[in-house]
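Student: To start, I am sharing the structure in question, which I have written as structure tokens.
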Amino acid sequence: MASASSQLNAVSHNRFAALATEDMDFCAGGNDTTTTDTINDQEVLRSTGRTAVAVRGNDLHPSDIAGWKISGKQVSQRLNKPQLNEVTQSNKPTPQFSEAQAKRMVARITKASRMPLNLPREEQKIVIRPRGGLFLAKLEADIVMSAVITAANVPKTTAKADTICINPTQNIIVISTPDEERARYYASVRSLYTGGRSYETHAYCTAPHGTVKGVIRGIAVENTAEDLHENIVNQANPQALEAHRIGNTTSIVILFAGTKVPNNIKYGSIIVKCGLYRQHHNVCKTCGKIGHRADVCPTPETKICFACGAPNPTADHAARCKPRCKLCNGAHATGTEGCTNKYKVPFVVTQRRWERRNAASAFSSQDFPQLPPQQQNEAHLSKRGRSRSRKRDKSRRQSASRGRSTDGKRSENMNYNRNQQRPGNVINGAQAINPQAANRNPLNHVAEAKDNTIQSLRNENEQLKRCIAEQRAQMQEMNAKLNQLINAQQQQQQQQVTPPPPLSPPQSQPRLPMPKENNTNSAMEVQVPLTTEANSAEPETIDGTRTSEPAPKKRALEYARERIVNARLDSLEERQDRQEQTMKANYETLSQVIKATNDRLDATNARLDTLVTPVHGMQSTIQGIQSKLEALIHALTASGLIPQQAFTQPQ
């Protein structure tokens, strides 16, 4: 037993000695936390939980361990500190919104608060704000629709033309209707009945599309709504449509027509500075959420601290309250003074930013003309040739000597184009996308555009001339047909037994005078070249050394001719417009005359029918009388009362 115990002590001694050496190394490096109690035959090295070993040793003099005392103090200080992964009540992290998270949340709330884009802009919008804790997001859509239609007393058949939309973020109801009467009915809703309970509501009409809001400040609270309307909505401010006060403040919101807010307006007789109205972000002071206001809060029973968001604050909470803004992550309550994200960006400002961004990016490929491919390849090859000539002069001399022929002439391959040695020319990315860019000459782009414009105008002028000629031919044909109809009508009137009163011939409409051709431009067109030629010919007769005009003068002449051509084209277009208007007026006049003639012809035909009917009746009566006379004569001759020779015709 003694030998076994001695062996065990030896093994444990070696093992503990190795562990102690490692622990002492860690202590010297500052990476471990250990302390020693005593050093005897079986000393104990105590740690803070990592290792606990017992080692053998001897007592040391304090002077021998003087250098270790400082390290021991540092280790004890580290022992008192919590570990890296250890979580205590003091170092527990408090959840805070970063500035980026606050901006993302504001953007998400703003996007969720927007109404659908399919609502017609020209219709009237009515907003219904429910109160008393009505949570619209938890209600079915058909229940909300039935409650709104019933409260507004609108028939379901006519309500199908309206649009009802729920905004769960703001907890409001938006109604779009094209009828003003139904809009008044919806705006008069004061309560909604659903779930066996009646909820109070507040309804109002929003600003129409195509308007913008401005704000003025410093108006006394004593001024009533009638005073505001009288002093603002008048002839001095023609764009002002409506004005109302913001709560009980001295700020007045004014509705302007259009998309611009004037810098100053006239309030009565004084000029007041006006600015763009910016709406606050909706922040609920009841539940602390962003997106809706306290009057429409769906959870009014919730109690939190509005500054820091702590639930169910106690009486002594104000002493340890640390406010934090959810909009900008600042050290203040959400949406109070000093908040950088307190206001929403107005839609007018956003729309202007979109327009500037689109205008800046609205550049076509023609705004950046490319060089011809040959020039690009030459520049590329010349750059490569210079770079290689500096590095491979020796090899080039050798290749040149080898490239000579037997008769001492330089080989023709030295002048061969590198692009022709390859299977195909190098094509850059722009040419691959647009192959026609290689054949485009950027220097002639402006001249070609002008020529194309002039040619298109000339073609349009020719087309208009042809249209005028065709319309004139049609008008002549219509006049000929109209004359034929009038002549036929007059002949029918003469042939009638009892002619009706003569029809008055249609009064010919006075023909509008055709606009005379403006010969001013043509005269200018003839005179300018003649004067320029005369002026250019005079120096030749006086000074024989001058044989040609200077380039600036030629360009001036060309520009003058172009201006004359453009002025001529403009005059032709104006003349064409006037002719079209004249032809339209003549066509309308002819249409009216033809319609009146047709009406008269119909009346004449009806009258002829009334005259022909009695004639047919008289013919039948005459035939009956004639048949009766023949029967009577036959009876008299048969009886012998009248000789038959009396009715025979003489030879």
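Numbering (the working numbering), first residue to last: 650 to 1300. Where a beta carbon is used, it is the ideal one built from N, C-alpha and C, also for glycine. All figures in this text were calculated on a predicted structure; none of them were measured in a lab.
(1) Give the straight-line distance between the Cα atoms of arginine 763 and isoleucine 815, rounded to the nearest whole angstrom.
(2) In this structure, does DSSP put phenylalanine 905 in helix, strand or coil?
(3) Our contact map puts alanine 852 next to tyrosine 835 with C-beta atoms below 8 Å; I'd like the distance itself, whole angstroms only.
(4) Ignore the nearest five residues each way along the sequence and tell me which others in leucine 925's own chain have a CB closer than 8 Å to its CB.
(5) Using 10 angstroms around the beta-carbon of phenylalanine 905, count the other beta-carbons present and answer buried if the total reaches 16, otherwise exposed.
(6) Just the Cα atoms here: how many angstroms apart are asparagine 961 and threonine 935?
(7) For histidine 930, count the other beta carbons within 10 Å of its own beta carbon; 16 or more makes it buried, fewer makes it exposed. Which is it?
(8) Determine the extent of the alpha helix (DSSP H) in which alanine 874 is found, giving its start and end residues.
(9) Just the Cα atoms here: how many angstroms apart are alanine 885 and lysine 915?
(10) Can you tell which of Gln1144, Ala1216, Gln1228, Gly1273 has its C-alpha closest to the C-alpha of arginine 1121?
(11) Under 8 Å Cβ to Cβ from alanine 980, same chain only, skipping five residues before and after it: list those, please.
(12) Can you say whether asparagine 990 is buried or exposed, counting buried as having 16 or more other CB atoms within 10 angstroms of its CB?
(13) Could you pull the start and end residues of the alpha helix (DSSP H) that arginine 969 belongs to?
(14) Using 10 angstroms around the beta-carbon of serine 825, count the other beta-carbons present and answer buried if the total reaches 16, otherwise exposed.
(15) Between glutamine 1112 and leucine 1134, what straight-line distance do the alpha-carbon atoms span, to the nearest angstrom?
(16) Per DSSP, glutamine 888 is paired with what?
(17) Would you mind sorting glycine 844 into buried or exposed? The rule is 16 or more other CB atoms within 10 Å of its CB.
(18) Isoleucine 821 to glutamate 875, Cα distance in whole Å?
(19) Check whether the segment 773 to 781 touches the segment 938 to 946, counting contact only when three or more Cβ pairs, one atom from each stretch, lie closer than 8 Å.
(20) Could you check how far apart the C-beta atoms of alanine 786 and proline 817 are, in whole angstroms? I think they sit under 8 Å.
(21) Where does the unbroken alpha helix (DSSP H) through arginine 833 begin, and where does it stop?
(22) With C-beta atoms as the reference, is leucine 976 less than 8 Å away from glycine 984?
(23) Just the Cα atoms here: how many angstroms apart are asparagine 978 and alanine 1098?
(24) Which residue from Gly917, Lys774, His710 puts its Cα closest to that of cysteine 854?
(25) Please state whether DSSP places glycine 979 in a helix, a strand or coil.
(26) Between methionine 650 and asparagine 707, what straight-line distance do the alpha-carbon atoms span, to the nearest angstrom?
(27) Thinking just about the alpha-carbon of each residue, which of Arg1249, Asp1248, Arg831 is nearest to the one in proline 804?
(28) Would you give the residue range spanned by the alpha helix (DSSP H) that lysine 922 belongs to?
(29) Which residue from Ser900, Ser847, Ser918 puts its Cα closest to that of glutamate 871?
(30) Who pairs with serine 847 in a beta bridge, going by DSSP?
(31) Reducing DSSP to helix, strand and coil, say where asparagine 820 ends up.
(32) Can you give me the start and stop residues for the alpha helix (DSSP H) that threonine 951 sits inside?
(33) Applying the 10 Å Cβ sphere with the 16-neighbour rule, what's the burial state of alanine 751?
(34) Which residue from Leu1285, Leu1218, Ser847 puts its Cα closest to that of serine 1105?
(35) Return the first residue and the last residue of the beta strand (DSSP E) that lysine 862 is part of.
(36) Strictly by DSSP, which residues pair up with valine 776?
Tutor: Put simply:
(1) The straight-line gap from Cα to Cα measures roughly 11 Å.
(2) When secondary structure is reduced to three states using DSSP, phenylalanine 905 falls in the strand class.
(3) A Cβ-Cβ distance of about 6 Å is found for the pair alanine 852 and tyrosine 835, placing them in contact under the 8 Å criterion.
(4) Taken in chain order, the residues that qualify are Val861, Lys862, Gly863, Val864, Val910, Pro995, Val997, Val998.
(5) Around the beta carbon of phenylalanine 905, 16 or more other beta carbons lie within 10 angstroms, which makes this residue buried.
(6) Their Cα atoms are separated by approximately 12 Å.
(7) By the 16-neighbour rule on beta-carbons within 10 angstroms, histidine 930 is buried.
(8) Alanine 874 -> alpha helix (DSSP H) spans 874 to 881.
(9) Here the alpha carbon of alanine 885 sits roughly 6 Å from the alpha carbon of lysine 915.
(10) Ranking Gln1144, Ala1216, Gln1228, Gly1273 by Cα distance to arginine 1121 puts Gln1228 first.
(11) Closer than 8 Å at the Cβ level, and outside the excluded window around alanine 980, lie Lys971, Pro972, Arg973, Cys974.
(12) Buried, since its Cβ has 16 or more Cβ neighbours within 10 Å.
(13) Unbroken alpha helix (DSSP H) run through arginine 969: 966 to 969.
(14) Looking at its Cβ environment, which holds 16 or more other Cβ atoms inside 10 Å, serine 825 is buried.
(15) Put simply, the backbone Cα of glutamine 1112 is about 33 Å away from that of leucine 1134.
(16) Glutamine 888 is not bridged by DSSP to any residue.
(17) Only exposed fits glycine 844, as fewer than 16 other CB atoms lie within 10 angstroms of its CB.
(18) Going by the C-alpha atoms only, they are around 29 Å apart.
(19) Taking a cut-off of 8 Å for Cβ pairs, the segment 773 to 781 and the segment 938 to 946 touch, as three or more such pairs fall below it.
(20) Contact holds; Cβ gap of about 4 Å.
(21) Taken as a continuous stretch (DSSP letters only), the alpha helix (DSSP H) holding arginine 833 covers 829 to 836.
(22) Contact: yes.
(23) For asparagine 978 and alanine 1098, the gap between their C-alpha atoms comes out near 57 Å.
(24) The shortest Cα separation from cysteine 854 among Gly917, Lys774, His710 belongs to Lys774.
(25) Glycine 979 falls in the coil class under three-state DSSP.
(26) For methionine 650, the pLDDT reaches just 48, beneath the cut-off of 50, and the residue's location in the model is therefore unreliable, leaving the point undetermined.
(27) Considering only alpha carbons, the answer is Arg831.
(28) Premise fails: lysine 922 lies in the beta strand (DSSP E), 919 to 922, not in any alpha helix (DSSP H).
(29) Checked all of Ser900, Ser847, Ser918; the closest Cα to glutamate 871 is Ser900.
(30) Tyr842, per the DSSP bridge assignment.
(31) Reduced to three states, the DSSP call for asparagine 820 is coil.
(32) Annotation for threonine 951: no alpha helix (DSSP H) segment contains it, and DSSP assigns it neither H nor E.
(33) Here alanine 751 is buried, its C-beta having at least 16 other C-beta atoms within 10 Å.
(34) Selected option, being the one with the closest Cα: Leu1218.
(35) Residues 860 to 865.
(36) Paired residue(s): Val823, Tyr853.
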